[in-house]
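Take a look at the structure set out below.
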Amino acid sequence: MTSLPFSALEIEQYFDRLWPICRSISGDGLRTSFQILQELIPLELKEYATGQKVFDWEIPKEWNITDAYIITPSGQKICDFNVNNLHIVNYSIPFEGELHYNDLFPHLFTIENQPDAIPYITSYYKETWGFCISWNELQTLDKNGVFKVVIKSKLEPGAITVGSLVLEGETKSEILLSTYLCHPSMANNELSGPLCMAFLYKALLAIPKRKYTYRFVMAPETIGVIAYLSDYGAEMKKNTVGGYVMTCCGDDAPLVFKQSKNKNGFLEKCTEHALKHLQLPFSVIPFAVGGSDERQYCSPGFNLPIGSITRSMYHRYKEYHTSLDNKSFVSFEAMIQTIDVYLQCIIAMEQNIIPICLVPYGEPRMGKRNLLPSSIEPNDKRRKDIDRMFHLISWADGEHDMIEIAEKRDESVSEYQDILAKLIDEKLIAIK
Amino acid sequence: MTSLPFSALEIEQYFDRLWPICRSISGDGLRTSFQILQELIPLELKEYATGQKVFDWEIPKEWNITDAYIITPSGQKICDFNVNNLHIVNYSIPFEGELHYNDLFPHLFTIENQPDAIPYITSYYKETWGFCISWNELQTLDKNGVFKVVIKSKLEPGAITVGSLVLEGETKSEILLSTYLCHPSMANNELSGPLCMAFLYKALLAIPKRKYTYRFVMAPETIGVIAYLSDYGAEMKKNTVGGYVMTCCGDDAPLVFKQSKNKNGFLEKCTEHALKHLQLPFSVIPFAVGGSDERQYCSPGFNLPIGSITRSMYHRYKEYHTSLDNKSFVSFEAMIQTIDVYLQCIIAMEQNIIPICLVPYGEPRMGKRNLLPSSIEPNDKRRKDIDRMFHLISWADGEHDMIEIAEKRDESVSEYQDILAKLIDEKLIAIK
Amino acid sequence: MTSLPFSALEIEQYFDRLWPICRSISGDGLRTSFQILQELIPLELKEYATGQKVFDWEIPKEWNITDAYIITPSGQKICDFNVNNLHIVNYSIPFEGELHYNDLFPHLFTIENQPDAIPYITSYYKETWGFCISWNELQTLDKNGVFKVVIKSKLEPGAITVGSLVLEGETKSEILLSTYLCHPSMANNELSGPLCMAFLYKALLAIPKRKYTYRFVMAPETIGVIAYLSDYGAEMKKNTVGGYVMTCCGDDAPLVFKQSKNKNGFLEKCTEHALKHLQLPFSVIPFAVGGSDERQYCSPGFNLPIGSITRSMYHRYKEYHTSLDNKSFVSFEAMIQTIDVYLQCIIAMEQNIIPICLVPYGEPRMGKRNLLPSSIEPNDKRRKDIDRMFHLISWADGEHDMIEIAEKRDESVSEYQDILAKLIDEKLIAIK
């Protein structure tokens with residue numbers, strides 16, 4: 060593993076600050092979260108106003124909330140938004156009133172087979188209200204009583220906020236890193252994404268020379284990304300060579316690489332090469348439309364080469380979209396490793412150039428260039444580097460990229476970097 | 060299985076009428092057989108006159124026969140054509156005479172290792188005569204006696220008869236269905252073919268909308284098809300997208316799909332997809348020149364994408380080309396299933412269009428189109444259809460056909476028909 | 060196995076004459092070796108003068124030697140060049156002097172873990188001198204004594220000698236056969252190559268009709284081939300369809316086919332087809348730059364389709380590059396088989412034409428051409444040839460070569476030669 064310019068503890072400190080904020084696809088909780096993350100990554104924010112058409116969609120009203128709770132017939136305050144912001148159905152309209160249990164019940168959401176968990180429920184496009192409650196707590200309610208309901212929310216014209224940043228490289232070809240910011244207090248399926256992206260940005264800054272331009276997008280899922288694509292999609296379609304939706308990457312489950320639609324593309328070649336040589340357990344799954352914002356980036360009109368590297372993936376762990384996806388579910392050491400995995404995959408893309416031999420007729424005479432030790436024992440560790448040097452020169456015909464060349468010896472492209480640099484210095488190799 | 064507009068009993072009744080007729084590659088037995096089958100399928104008949112050149116071949120003389128038998132030295136009538144028309148070598152020239160056993164013997168054909176079977180022998184292109192006899196009966200003949208031989212046949216200028224029909228569809232692209240009519244009383248390797256074709260025609264008529272034009276060819280094997288191709292081959296080469304030689308499809312052995320020469324073509328994709336999802340036992344074998352009229356359709360000059368779906372295949376069952384390939388060898392229930400299999404394969408071709416998403420930038424907002432239920436439980440059976448809808452839209456990039464899209468979820472293309480129709484109605488999808 | 064126009068004994072006799080000569084990449088030992096081999100194959104010799112630039116290289120000085128030895132403190136003559144020419148480091152500069160053991164030691168080369176073997180060491184491009192000695196003998200030397208060293212060599216401007224021959228065929232397309240001549244007394248890794256090439260030449264001469272032109276190159280490894288390529292490389296790049304570096308082919312280990320860089324090329328198809336149907340044990344390995352002159356032929360600027368068929372391969376047997384790679388390591392019967400294997404692979408290339416059917420519409424009527432027996436029993440051995448005939452005609456669409464056609468029936472292309480000739484005579488088939 061590379062040494063990264065930050066620690067697990069730093070990630071944890073940002074996690075703790077972001078955790079209690081009630082985020083949604085719009086509103087001040089979202090804005091506050093962006094402000095905190097901007098300390099790490101200088102995202103530019105753009106507000107898309109309510110009612111704006113973005114492709115097939117329209118920006119919805121902005122939602123803000125200050126309080127919400129239920130008072131039971133016995134006077135107990137339950138489903139208190141200020142205790143756990145999952146208690147309120149996200150985007151609930153304002154409401155105050157007294158209801159008999161029978162009338163309240165259709166507004167209560169629970170998960171019978173996870174009796175301790177509060178579910179996470181939203182209603183962005185249908186104006187209604189509701190509360191989420193654990194099955195166990197639901198059983199304690201008086202079925203004959205009258206409950207007082209208070210929801211102090213606003214659903215009004217406003218905007219949704221989208222963050223993005225373009226980090227320029229030597230070429231206009233782009234690698235996209237995208238994550239979403241819109242879930243209230245959830246750990247693996249939300250905060251791991253923005254946190255890993257923000258710290259990955261710091262790691263990328265530390266790379267001295269970047270061939271690719273990096274585009275970072277942090278936006279409310281679906282509507283935020285559709286809004287962003289309505290501005291930048293055409294440009295991204297022209298320039299994007301690969302990228303990832305960063306999500307569900309915060310626990311220590313084995314890595315999962317979800318491919319883009321082009322399962323034999325540049326992204327897939329580089330990512331699978333890097334993962335294989337990292338010697339961590341991982342699996343590869345094909346693109347499927349269920350998931351996150353890859354469904355926007357990979358929609359037929361864009362079809363960008365965007366995949367995703369996750370840990371415990373959406374829909375595949377029982378804590379998903381419940382109050383059990385919390386700090387104890389994730390690991391900040393695991394996030395450090397996740398960031399490094401993303402970094403290594405990106406470096407594989409950076410390194411996967413096509414070398415061309417400039418002395419292509421017969422083998423070059425290496426002795427006269429001081430590229431060979433004057434004598435070498437068969438077991439000398441430098442022997443492998445000499446073999447790699449001749450191997451690289453021989454295959455540098457402009458038809459093979461560095462990963463293909465390295466894989467012919469079942470090696471990682473990273474083991475050829477020093478040799479490649481030397482051969483370029485000696486004018487034996489150029490980059491196509 | 061689909062419900063077909065006919066019963067096994069109807070097929071059996073036609074079988075019983077066709078069975079006793081002595082067919083050959085020409086003659087009145089052939090014409091009578093066509094007349095009966097025309098009750099089911101309105102084939103147009105064309106007569107190709109003796110002597111006409113058809114590609115590398117020439118139409119032979121027409122053969123008719125009314126009687127043939129042998130009288131043994133003890134006065135017994137054997138090898139009686141009117142008892143079993145296999146007794147006479149098909150295309151035997153007229154002959155009457157008395158011969159010693161030794162002179163008769165070279166004209167007798169038998170199968171030693173199937174001692175009860177009368178073989179089926181022809182001599183279309185060498186003018187001779189002969190009788191077919193079971194090994195057991197042959198043993199009873201008096202090797203020192205004189206036998207009287209009577210063959211009342213005619214081999215004279217005339218014609219061979221070819222039946223065909225073009226059933227027009229929405230496009231000029233054609234699917235070919237071809238079978239042969241020329242064998243005397245044989246069940247699996249002859250009558251199953253014409254019968255399944257004639258009834259399949261009725262099933263196809265029942266399909267409300269057919270994209271493809273269907274060409275039916277029923278002809279004497281080899282020479283009949285070569286004659287037909289000399290008229291229509293160029294047209295068929297231009298229009299044919301797939302098709303089948305229907306033969307050996309009358310018993311209940313597992314299905315065999317014999318591919319055309321292009322083992323990765325449209326025909327193969329659709330047929331193998333349909334067979335796989337029908338969940339019947341089947342195997343796939345590559346094109347081989349041994350077989351039936353696919354050797355003409357797939358000859359280098361035409362190379363049409365024509366395969367074959369059979370049950371017990373020519374050369375692969377011991378009753379083949381003997382008197383044991385009779386009614387007790389076949390099953391009319393099995394023929395019903397065979398017809399349905401052909402129908403399902405054809406429907407897979409009809410359904411395998413390429414969809415194009417008309418709202419391709421980001422996912423379309425389905426909620427506003429009433430394409431989603433307002434709420435849905437995770438285990439709702441409609442969940443699968445919703446998943447299929449998003450899946451189809453996402454892959455409708457004009458690069459994937461419906462089979463490829465369905466197979467990504469290991470599903471049958473038939474499960475997407477209602478969704479596809481809905482999305483076309485909503486102008487979310489068009490057909491390429 | 061084919062019957063070859065020579066015997067193992069003849070090969071052995073040439074081996075015995077060539078064995079004692081001290082060859083190098085230049086010099087009179089090399090010239091004498093060429094003269095002996097010219098009795099078998101009329102190679103033209105060309106001298107490349109010292110100092111000539113050949114691509115990235117320069118022709119080195121010429122080396123000749125008459126004597127070399129060491130006198131021990133006790134007066135014993137050891138490391139005597141005239142006893143075993145491996146004792147002297149190849150290309151040692153002249154030297155005479157007396158040295159203490161400590162000063163002599165850096166000039167001695169040995170192999171500790173093969174204590175009986177004298178290693179083979181060269182120093183073509185660094186002017187120095189040295190002796191090779193077995194580990195066991197090294198242990199007997201007096202570590203406190205003074206040794207007299209005598210090396211009567213010359214390292215002066217001169218030339219290196221390269222042999223080659225072009226045997227013209229019906230077309231300009233070429234098959235290359237290349238081997239090297241530069242090692243002193245070594246059996247598998249040297250003499251097997253020139254001997255098998257020289258006798259293969261005789262076998263090729265015996266083929267009545269050769270489609271391909273054959274280019275034979277026998278040269279000092281690396282520098283000799285680079286020099287040759289500087290003259291003929293451009294021409295070879297234009298014409299070469301396949302070829303082999305013949306080396307390490309003298310013992311009876313299983314065959315190894317080392318592919319060219321294009322693992323799916325014509326060379327690979329023909330060689331692997333031939334090897335498979337020869338039913339000898341063999342393995343196939345991909346191109347790797349370690350090896351012999353294929354690294355020159357396959358360098359990016361040329362990338363010729365050159366492979367190699369070996370027995371015990373360089374670096375893979377412990378006797379390699381030692382005095383143990385001697386007559387007892389090789390087998391002249393094995394060399395006969397090696398030559399036949401090369402011949403069969405070459406014949407597969409000769410036979411692998413693309414047939415085109417000239418009567419392509421429907422099957423040709425074979426009966427009228429007397430290409431079918433008038434009657435044939437099912438078990439007649441000729442049945443297979445009839446099946447092959449129809450099979451060949453059906454696939455003769457100009458898209459399939461003879462190996463592809465034969466492999467569809469899992470047969471060798473050689474089994475189709477008589478049928479192909481007959482069909483060409485009958486004007487049913489032409490060669491594309």
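If you read the protein sequences in the order shown, they are chains A, F and Z. Mind the numbering: the first sequence is residues 60 to 491 in our numbering, read in order. Mind the numbering: the second sequence is residues 60 to 491 in our numbering, read in order. Mind the numbering: the third sequence is residues 60 to 491 in our numbering, read in order. Note that CB positions come from ideal geometry on N, CA and C, so glycine has one too.
Is the Cβ of residue i closer than 8 Å to any Cβ of chain Z?
| i | result |
| --- | --- |
| PHE325/A | no |
| VAL472/A | no |
| PHE449/A | yes |
| SER453/A | yes |
| ASP484/A | no |
Can you tell which of the options has the C-alpha that lies nearest to the C-alpha of residue i?
| i | options | result |
| --- | --- | --- |
| ILE398/Z | GLY309/Z, LYS317/Z, SER473/Z, ILE365/Z | GLY309/Z |
| GLU409/Z | ILE130/Z, SER319/Z, ARG269/Z, ILE124/Z | ARG269/Z |
| SER387/Z | TYR183/Z, PRO101/Z, PHE74/Z | PHE74/Z |
| ILE210/A | LEU263/A, ILE100/A, ILE124/A, GLN173/A | ILE124/A |
| PRO296/F | ALA262/F, GLN355/F, TYR260/F, ILE462/F | Sequence inspection shows Lys at residue 296/F; the Pro mentioned does not correspond to that position. The shortest Cα separation from LYS296/F among ALA262/F, GLN355/F, TYR260/F, ILE462/F belongs to GLN355/F. |
| ASP201/A | GLU485/A, PHE168/A, TYR179/A, LEU163/A | LEU163/A |
| LYS427/F | ALA67/A, PRO119/A, ILE84/A, ASP477/A | PRO119/A |
Residue i and residue j: beta carbons closer than 8 Å?
| i | j | result |
| --- | --- | --- |
| PRO279/F | CYS307/F | no |
| VAL221/A | GLU157/A | no |
| ILE95/F | THR381/F | no |
| CYS138/Z | PHE190/Z | yes |
| VAL148/F | TRP122/F | no |
| VAL225/A | GLU155/A | no |
| TYR150/F | ALA286/F | no |
| ILE413/A | ILE488/A | no |
By Cβ distance below 6 Å, which residues in the same chain neighbour residue i in space, the five residues on each side in sequence not counted?
| i | result |
| --- | --- |
| GLU186/A | ILE152 |
| THR299/Z | GLU233, LEU235, LEU363 |
| GLU378/F | ASP384, PHE388 |
| LEU482/A | ILE488 |
Within 8 Å of any Cβ in chain F, is that where the Cβ of residue i sits?
| i | result |
| --- | --- |
| ARG424/Z | yes |
| TYR420/Z | yes |
| ILE114/A | Just to set this straight, residue 114/A is Phe in the shown sequence, not Ile. So yes, PHE114/A belongs to the interface. |
| GLN355/A | yes |
Can you give me the Cβ contacts of residue i inside the same chain, cut-off strictly under 8 Å, excluding the 5 residues immediately before and after it?
| i | result |
| --- | --- |
| ARG82/F | GLY88, LEU89, SER92, LEU240, CYS241, HIS242, PRO243, GLU249 |
| GLU422/A | PHE449, ILE452, SER453 |
What does a CB cutoff of less than 7 Å around residue i pick up in its chain, not counting 5 residues either side in sequence?
| i | result |
| --- | --- |
| SER371/A | ASN247, CYS307, ASP310, ALA312 |
| SER471/Z | HIS336, ALA465 |
| PRO253/Z | LEU96, THR238, LEU240, MET277 |
At which residues does the alpha helix (DSSP H) containing residue i begin and terminate?
| i | result |
| --- | --- |
| CYS308/F | Neither: CYS308/F is in no alpha helix (DSSP H) and is coded neither H nor E. |
| GLY228/Z | Note, GLY228/Z: premise wrong, no alpha helix (DSSP H); not H, not E. |
| ARG76/F | 67-77 |
| PHE114/Z | Premise fails: PHE114/Z is in no alpha helix (DSSP H) and is neither H nor E. |
| SER289/Z | 282-298 |
| HIS336/A | 325-337 |
| VAL400/F | 391-410 |
Consider the Cβ of residue i: report whether some Cβ of chain A lies at a distance smaller than 8 Å.
| i | result |
| --- | --- |
| ILE368/Z | no |
| CYS241/F | no |
| ILE395/Z | no |
Go to residue i, then tell me how far its beta strand (DSSP E) extends in each direction, as first and last residue.
| i | result |
| --- | --- |
| TYR273/Z | 272-278 |
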